[in-house]
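Engineer:
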Amino acid sequence: MYAPKLKTMTPVVFQWLLLFVTTFFTTTILGAPHGLSPIDPFLRDSNVGFANVKPLKDVETFFYNQTLDHFNYNPQSYATFPQRYYINSKWWGGANKNAPIFAYLGAEGPLDRDIPIIGFLTDNAPRFKALLVYIEHRFYGESNPVGSMAESVKNKTIRGYFNSAQALADYAEYPHIALGALASSAPILYFDKLTPQDGYYSIVTKDFKKSWNEIDRVASMPNGLSILSKKFYTCSPLKNSDELKGYLDSMYAYAAQYNAPPTYPTTRICEGIDGASNATDILDRISDGVIAYQPFSPCHNTTRGVSQTSIGWGWQTCSEMVIPIGITSNVSMFPSQPYNLQEVIDNCKSVYGVTPRPHWATTYYGGYDIKLVLSKFGSNIIFSNGLRDPYSSGGVLENISDEVLAVYTTNGSHCLDILASSKTDPDWLIKQRNDEVKIIRRWLTKYYHDLRLLKQ
288 MYAPKLKTMT PVVFQWLLLF VTTFFTTTIL GAPHGLSPID PFLRDSNVGF
338 ANVKPLKDVE TFFYNQTLDH FNYNPQSYAT FPQRYYINSK WWGGANKNAP
388 IFAYLGAEGP LDRDIPIIGF LTDNAPRFKA LLVYIEHRFY GESNPVGSMA
438 ESVKNKTIRG YFNSAQALAD YAEYPHIALG ALASSAPILY FDKLTPQDGY
488 YSIVTKDFKK SWNEIDRVAS MPNGLSILSK KFYTCSPLKN SDELKGYLDS
538 MYAYAAQYNA PPTYPTTRIC EGIDGASNAT DILDRISDGV IAYQPFSPCH
588 NTTRGVSQTS IGWGWQTCSE MVIPIGITSN VSMFPSQPYN LQEVIDNCKS
638 VYGVTPRPHW ATTYYGGYDI KLVLSKFGSN IIFSNGLRDP YSSGGVLENI
688 SDEVLAVYTT NGSHCLDILA SSKTDPDWLI KQRNDEVKII RRWLTKYYHD
738 LRLLKQ
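Residue numbers for the sequence shown, in our numbering: 288 to 743.
In structure tokens:
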């Protein structure tokens, strides 16, 4: 199904931003960087904490014949693939009235999973009479050139088109087209040593404490792995202690990253740990915390399943999105594991036969001297963050100019501001969203004023 041709309209792009992450190719405790999706992958299937998620409705599904390669004129560059997008025109005022378009750029996964929870657009479309457009990122969901993510990353010819520059060209997301952008929880400074490697895990550490040595001690005992498997109700027997530690590492990190009201995962885990009997040993208390985090899981899958996201982000982090997250013992509760670029290169060569470009993100998009650069060349950008989100350590947390603004909350978590509003939302979250709406309204007011002057 293809969309009707639309007349000229004013777009306002609400970016979740083109930086994606998740564990894929390494079995060590610290794998590839954790995901940027608005949804906590640990809770995605159990629906815990998603009481406000509304069913997918009021949207039409379309496919656009997208150009595979926007930057070459070779015969193969003219190949196309179907790119999925959704339109919600329920509140749209129409092109003749220059009503705005709010566009959501998809995350590292199927787009239909995000739409029900990205409530900022539907909550505010009525007041702006906006058309809502949701665009799936190339290669994810149903927007795959060969139909399968696994086959795509194996194909040495096709996977070269799986990059952020091609995705931006898909969206036609350029300054002369978009009026403004809301970059929610975008760690644009977590590249090329712009942010200390410990930034992510130093924030996770603020919420949790545990003993990794005890896991290793029990694992080294006769039948130790069997004991740990039973204590933590694993779905299959543990193969080594790193498997359990890697699972706990990811769980604690995601709980901190998605520590959103009203359920507050970190609080839930801590209550599970603290609520255990004083007679219980430390591992039993940790296990109680895991159960409190995933109360509806009959067992805990320590070997994470393969998904589009894990496969796709594995390729992206091995090509251009090289995010140097590490752990050093002096700032973190986690076992020391400093970022090692050579290990990343070796892994990527082993899996894909390619060498990552650790400096490409800052070369292509910038990052160094960001205040100077954006104050001269940037306009109409909101960088929103919640300081409980570990990725906020790589975010823009200060106003750069009157037109490039940082809106953050001390207690906020990852992408919380663009999720659906709720009656239980705390005052600080309501204020953050209202501040963002006021800024967007200011952009549009100025645009309409300039448009009237242009027509005189």
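All C-beta atoms in this analysis are idealised placements derived from N, C-alpha and C, irrespective of residue type, glycine included.
Because the structure is a prediction, the values reported are computed rather than measured.
#1: Provide the residue span of the alpha helix (DSSP H) that contains T409, from first to last.
#2: Taking C-alpha atoms, which residue in Q484, P549 and S574 lies nearest to T521?
#3: Among R675, L418, N686 and I404, which residue has its Cα nearest to the Cα of E347?
#4: Considering only the beta carbon of each residue, do I687 and S662 sit closer than 8 Å?
#5: Quick one: Cα of L355 to Cα of I578, how far?
#6: Please list the terminal residues of the continuous alpha helix (DSSP H) segment that includes N500.
#7: Helix, strand or coil, according to DSSP, for R675 in the structure here?
#8: Below 8 Å between beta carbons: does that hold for S439 and N431?
#9: I'd like to confirm the pairing. Which residues does DSSP put opposite G691 in its beta bridges?
#10: Is the beta carbon of I790 less than 8 Å from the beta carbon of G467?
#11: Taking its Cβ as the centre, do 16 or more other Cβ atoms sit within 10 Å of N546, making it buried, or is it exposed?
#12: Is the CB-CB distance between R446 and W600 below 8 Å?
#13: Note down the Cα distance separating N383 from F426, rounded to an integer number of angstroms.
#14: Answer with buried or exposed for T732, where buried requires no fewer than 16 other C-beta atoms within 10 angstroms of its C-beta.
#15: On a Cα-Cα basis, can you pick out the residue from A707, D714, K725 and K742 that is closest to T696?
#16: Could you pull the start and end residues of the alpha helix (DSSP H) that P552 belongs to?
#17: Does DSSP put P362 in a helix, a strand or coil?
#18: Could you say if the region 674 to 690 and the region 360 to 371 meet the contact criterion of at least three C-beta pairs nearer than 8 Å?
#19: Just checking my contact of Y580 with M538 at CB under 8 Å: how many whole Å lie between their CB atoms?
#20: Would you call the region 643 to 660 and the region 606 to 616 in contact, with 3 or more CB pairs under 8 Å?
#21: If contacts are defined as beta-carbon pairs under 8 Å, then I705 and P325 qualify, I think. What distance do you get, rounded to the angstrom?
#22: Inspect the CB distances between the region 457 to 473 and the region 579 to 594 and report whether three or more fall short of 8 Å.
#23: Shortest alpha-carbon distance to D485 belongs to which of F389, P622, I632 and K344?
#24: Which residues mark the beginning and the end of the alpha helix (DSSP H) in which E630 is found?
#25: Just to confirm the assignment: which complete beta strand (DSSP E) runs, minimum length 3, are found wholly within the region 436 to 524?
Structural biologist: Well, looking at it:
#1: By 1-based counting over the sequence shown, the position of residue 409 is 122. Here the alpha helix (DSSP H) through T409 covers G406 to F415.
#2: Looking up residue 521 in the sequence shown gives position 234. Nearest of Q484, P549 and S574 to T521, Cα basis: S574.
#3: Translated into positions along the sequence shown, residue 347 becomes position 60. Ranking the options by Cα distance to E347, first place goes to L418.
#4: Here residue 687 refers to the residue found at position 400 of the sequence shown. Here residue 662 refers to the residue found at position 375 of the sequence shown. Yes. Within cutoff.
#5: As a working mapping, residue 355 is identified with position 68 in the sequence shown. As a working mapping, residue 578 is identified with position 291 in the sequence shown. Taking the straight line joining both Cα atoms gives about 45 Å.
#6: By one-based count along the sequence shown, residue 500 stands at place 213. W499 to A506 is the span of the alpha helix (DSSP H), which, as asked, contains N500.
#7: Residue numbering aside, residue 675 sits at position 388 when the sequence shown is read from its first letter. Reduced to three states, the DSSP call for R675 is coil.
#8: In the sequence shown, residue 439 corresponds to position 152, counting from 1. In the sequence shown, residue 431 corresponds to position 144, counting from 1. Their beta carbons are under 8 Å apart, which means S439 touches N431 by this criterion.
#9: Indexing the sequence shown from 1 puts residue 691 at position 404. The residue you asked about is not Gly; residue 691 is Val in the sequence shown. DSSP lists I668 as partners of V691.
#10: The chain is shown from 288 up to 743; residue 790 falls before or after that span and cannot be answered.
#11: As a first step, residue 546 is located in the sequence shown; it is residue number 259 there, counting from the start. Buried: at least 16 other Cβ atoms inside 10 Å.
#12: Start at 1 with the first residue of the sequence shown, and residue 446 comes out as number 159. Start at 1 with the first residue of the sequence shown, and residue 600 comes out as number 313. No, Cβ-Cβ distance for R446 and W600 is not below 8 Å.
#13: Translated into the one-based positions of the sequence shown, residue 383 becomes position 96. Translated into the one-based positions of the sequence shown, residue 426 becomes position 139. So the alpha carbons of these two residues sit roughly 34 Å apart.
#14: Translated into positions along the sequence shown, residue 732 becomes position 445. Exposed: under 16 other Cβ atoms inside 10 Å.
#15: As a working mapping, residue 696 is identified with position 409 in the sequence shown. Residue D714 is the option with its Cα nearest to T696.
#16: By 1-based counting over the sequence shown, the position of residue 552 is 265. It spans P552 to D561 - the alpha helix (DSSP H) in which P552 sits, taken as one unbroken run.
#17: For this step, residue 362 is matched to residue 75 along the sequence shown. In this structure, P362 counts as helix in the three-state DSSP scheme.
#18: no
#19: Counting from one through the sequence shown, the residue named residue 580 turns up at place 293. Counting from one through the sequence shown, the residue named residue 538 turns up at place 251. Going by Cβ atoms, the distance from Y580 to M538 rounds to 6 Å, so yes, they are a contact pair.
#20: yes
#21: Residue mapping note: residue 705 aligns to position 418 of the sequence shown, counting from 1. Residue mapping note: residue 325 aligns to position 38 of the sequence shown, counting from 1. Indeed they touch by this definition, with Cβ atoms about 7 Å apart.
#22: no
#23: Along the sequence shown, read from residue 1 onward, the residue named residue 485 stands at position 198. For the residues F389, P622, I632 and K344, the minimum Cα distance to D485 belongs to P622.
#24: By 1-based counting over the sequence shown, the position of residue 630 is 343. First-last of the alpha helix (DSSP H) with E630: L628 to Y639.
#25: 468 to 471
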